[in-house]
Amino acid sequence: MRGAAVPGLRDRGAPWGSWSGRGIGLIKMNLKEIKELIEFLIEKDVAEFELERGDVKVRVKRGQSVLYAPAPSPVASHFPPASSVLAPGAHATPATAAGSAPAEAAEEELHLVKSPIVGTYYESPSPGSPPFVKPGDRVTQGQVLCIVEAMKLMNEIESDVAGEVVKILVSNGQPVEYGQALFAVRTR
Amino acid sequence: MFKKILIANRGEIALRIICACKELGIRTVAIYSDADRNSLHARFADEAICIGPPRLSESYLNIPAVISAAEISNVDAVHPGYGLLSENANFAEVCETCGITFIGPPPEIMRMMGEKEKARMAMKKAGVPILPGSEGVIASAAEAGEWARQTGLPVIVKASAGGGGRGMRIIRSQEELPQLFNAAQSEAAAAFGNGQLYMEKYIERPRHIEFQMLADSFGNVVSLGERECSIQRRHQKLIEESPSVKVTPELRARIGDLLASTLKQIGYVNAGTVEFLMDEDESLSFIEMNTRIQVEHPVTEMRTDVDLVKAQILIAGGARLSDVLPEVIEQRGHVLECRVNAEHPEKFTPSAGKITAFHTPGEIGVRVDTAMYAEAVVPPYYDSLIAKLIVRGKDRAEAIARMSRALDMFIVEGIHTSIPLHRRIMKDPEFIAGRIDTKFMERFLAEASASQRPPAPPPAAPEVWAETANALASSEPTAASPRKRRTGKRVKELG
Chain F
49 MRGAAVPGLR DRGAPWGSWS GRGIGLIKMN LKEIKELIEF LIEKDVAEFE LERGDVKVRV
109 KRGQSVLYAP APSPVASHFP PASSVLAPGA HATPATAAGS APAEAAEEEL HLVKSPIVGT
169 YYESPSPGSP PFVKPGDRVT QGQVLCIVEA MKLMNEIESD VAGEVVKILV SNGQPVEYGQ
229 ALFAVRTR
Chain V
1155 MFKKILIANR GEIALRIICA CKELGIRTVA IYSDADRNSL HARFADEAIC IGPPRLSESY
1215 LNIPAVISAA EISNVDAVHP GYGLLSENAN FAEVCETCGI TFIGPPPEIM RMMGEKEKAR
1275 MAMKKAGVPI LPGSEGVIAS AAEAGEWARQ TGLPVIVKAS AGGGGRGMRI IRSQEELPQL
1335 FNAAQSEAAA AFGNGQLYME KYIERPRHIE FQMLADSFGN VVSLGERECS IQRRHQKLIE
1395 ESPSVKVTPE LRARIGDLLA STLKQIGYVN AGTVEFLMDE DESLSFIEMN TRIQVEHPVT
1455 EMRTDVDLVK AQILIAGGAR LSDVLPEVIE QRGHVLECRV NAEHPEKFTP SAGKITAFHT
1515 PGEIGVRVDT AMYAEAVVPP YYDSLIAKLI VRGKDRAEAI ARMSRALDMF IVEGIHTSIP
1575 LHRRIMKDPE FIAGRIDTKF MERFLAEASA SQRPPAPPPA APEVWAETAN ALASSEPTAA
1635 SPRKRRTGKR VKELG
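In order, the protein sequences belong to chains F and V.
All letters in the first sequence, in the order written, are residues 49 to 236 by the working numbering.
All letters in the second sequence, in the order written, are residues 1155 to 1649 by the working numbering.
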């Protein structure tokens, strides 16, 4: 488990005794043993390790910060993902459909306005009328940026931040899912 | 035939429906909440749409979101699975209005069967035996006594205005009736502001027997036999089997034919299950009908070799029963199903979290329906069913032996599951003898706590830590191997 913390090993009768070849129940650990432990942890790529035995407590933590981020599901890498309905022809996975835009936006730390519902994205209030916003426009918090239609109901989607619309990430008439990024907004 | 179907469900049943669609060459659309982003049903569908945050009300039960997803993906039909929106007549109607076929019975029929009294009356009219009940409020202890005399004791009084056990009394003799009746009345008045009571026949040790029905849209209806689901805890089924040891071929045929003609009369279409309670004298009483595919449908599938989910899809697409079913439906062997829930096997507390190891049993006569896998996370937002383990044997004894073997080889680590509980039930002499009823689990659990067994071991994650300790001790890399699981023991011995 790269970068993941191994839960602390409370006294389970870990046979440190046998490590140093001195039999069961031994409590002391010498420097050589600690050094071997560290080497083992490095080899096994363990980031953090804690052991308590008797009145000895050893805690080893390697340089990198411990982050327990849920690893991307192995299923994602082993099986061809379902193609998202949103990008016909494209091969966006469900896990990254909402994430492909952030890859670009992340460089500049732009805020992403995401769809709160599943439906069809429309850029203007009615067909033929000018779009709500275009790239370069400054918008205020609460300003209507687009419409997402669900079940014949036109839902006005409001911006949750104030700033400048840098990029529009979807096209008119495109189906969008819950949580899908619609606009990249520079908030500064 | 449909070109594309949206599965309005999640977990193992969504995967089951995807299987049927794949085999029929129908494209599938999965819907999923944020919490199910890495779920198997989203992975294996041809298309997948995120429809909301984890909460059911905002995702899987959110009709506008589900319909919106169906619209943007241009599906011909929706399969609702079980639970969730499967018995929501409103949802079925919205589908129809939007030009999407709802795979199930017509909304009016769903509605009727959903109202307990209406369903009972419809069944009674058709000659199906129902559990005797007062057809209205019982005004006095005297009236109660008379009704009890006519119906036969024991009886139960219940509050009209509410449930949860309040205003409810079981009456076993005429002597105690007036006092119990009045007590129930006061309690109901105090709890619900309404002391009105109705009465029902009470069965002390009922067996739960249900019949699987299939109907096409041309008036053809057939019964695929029964399932017994007496092993339940707090009205949640744990183990199901077919055949029931108490259902003779004659009874099976008689009730099957009666239900077929009843459902034809009513105009039922698609799959449905009619539930009964069986008294100790082996008489059946109708309690309710479920107008959808059920969790335990694999029991009937293993017994008859009929693919019920495919049948549902084909019927909804206009097929006749004769296209879908063999002329003679054979009933083969004995089938058992154990529901594997993500919960503590003794405390029954839910156990959400990451599954660290997952190995399903297989080999002869074993089927596992699951959407779980190693490294999957069981979310806390949904029900605890994570897998169904179904076995078939040539007879009940072989089925029990096979189930025990399969349970032994079913590995789930990282969370608690009901597997240890099922293992114990398979060894229970009363279960083995077929002496079961819906009170079985109460007695079984009471016995278990009385004999004060040692607590269930924690989920196996600590054994992985023990393995690490051993690895360090031996200072050589450990190859993960199933045998090494026993290092947990070894470490303890050394300690």
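Think of the CB as a built atom: it goes at the ideal place given N, C-alpha and C, for glycine as much as any other residue.
Every value quoted in this text rests on a predicted model; they were computed, and no experiment measured them.
Query	Result
Cut-off 7 Å between Cβ atoms - residues of its own chain near residue 1452 of chain V, not counting five sequence neighbours on either side	1491, 1521, 1523, 1542 and 1544
Separation of residue 1272 of chain V from residue 1310 of chain V, as counted between CA atoms	21 Å
Residues in the region 173-206 of chain F having any Cβ partner in chain B nearer than 7 Å	This model lacks chain B altogether, as its protein chains are F and V.
In DSSP terms, what residue 1504 of chain V is bridged to	V:1497
Opposing strand residues paired with residue 203 of chain F [DSSP bridges]	F:196
Exposed unless 16 or more other CB atoms sit within 10 angstroms - verdict on residue 1463 of chain V	buried
Closer than 7 Å: residue 1493 of chain V CB and nearest the ligand NAD heavy atom	Although the ligand NAD was asked about, the structure shown includes no ligands whatsoever.
DSSP beta-bridge partners of residue 1391 of chain V	V:1386
Close-in-space but distant-in-sequence residues of the same chain around residue 1648 of chain V (CB under 6 Å, 5 per side omitted)	In this prediction, residue 1648 of chain V has a pLDDT of 35, which is less than 50 and means its spatial position is unreliable; nothing more can be read from the coordinates.
Contacts that residue 167 of chain F makes with chain V (C-beta to C-beta distance below 7 Å)	1222 and 1226
Cβ shell of residue 1183 of chain V (< 8 Å), same chain only, five flanking positions each side left out	1158, 1159, 1160, 1161, 1199, 1200, 1201, 1202, 1203, 1223, 1224, 1227 and 1229
Distance CB(residue 214 of chain F)-CB(residue 183 of chain F) smaller than 8 Å	yes
Simplified DSSP assignment, three categories, for residue 1336 of chain V	helix
According to DSSP, residues forming a beta bridge with residue 1204 of chain V	V:1186
Contacts of residue 1218 of chain V in chain F (Cβ-Cβ under 7 Å)	198 and 199
Residue 1243 of chain V beta carbon less than 8 Å from that of residue 166 of chain F	no
Closest residue to residue 1307 of chain V among V:1317, V:1287, V:1315 and V:1313 (Cα-Cα distance)	V:1287
Proximity test, Cβ basis, 8 Å: residue 225 of chain F and chain V	yes
Exposure label - residue 228 of chain F; buried when at least 16 CB within 10 Å	buried
Anticipated Cβ contact below 8 Å, residue 1236 of chain V with residue 1446 of chain V, distance rounded	5 Å
Beta carbon proximity, residue 1203 of chain V to chain F, threshold 8 Å	yes
Residue 1188 of chain V: contacting residues in chain F (beta-carbon distance under 7 Å)	227
Closer than 8 Å to chain F by CB, residue 1206 of chain V	yes
7 Å Cβ shell around residue 1456 of chain V - same chain, five flanking residues per side excluded	1489, 1521, 1544 and 1546
Short Cβ contact (8 Å threshold) for residue 1257 of chain V with residue 1424 of chain V	yes
Check whether residue 1458 of chain V and residue 1379 of chain V have beta carbons under 8 Å apart	yes
Rounded straight-line distance, which links the Cα of residue 99 of chain F to that of residue 1498 of chain V	28 Å
N-terminal and C-terminal residue of the beta strand (DSSP E) that residue 1547 of chain V is part of	1539-1547
Segment contact flag, the region 1342-1350 of chain V with the region 1370-1386 of chain V, C-beta cutoff 8 Å, min 3 pairs	no
Best match in V:1531, V:1569 and V:1586 for proximity to residue 1554 of chain V [C-alpha to C-alpha]	V:1586
Paired residues, beta bridge with residue 1411 of chain V - DSSP	In DSSP, residue 1411 of chain V forms no bridge with anything.
Contact the region 1526-1538 of chain V vs the region 1466-1476 of chain V: 3+ CB pairs below 8 Å	no
Cβ-based neighbour list, residue 1580 of chain V, same chain, cut-off 6 Å, excluding 5 preceding and 5 following	1554, 1557 and 1558
Rounded distance between the beta-carbons of residue 1385 of chain V and residue 1564 of chain V, thought under 8 Å	Actually they are not in contact, since the Cβ atoms of residue 1564 of chain V and residue 1385 of chain V sit about 18 Å apart, beyond 8 Å.
At least three beta-carbon pairs within less than 8 Å, the region 1434-1441 of chain V to the region 1271-1285 of chain V	yes
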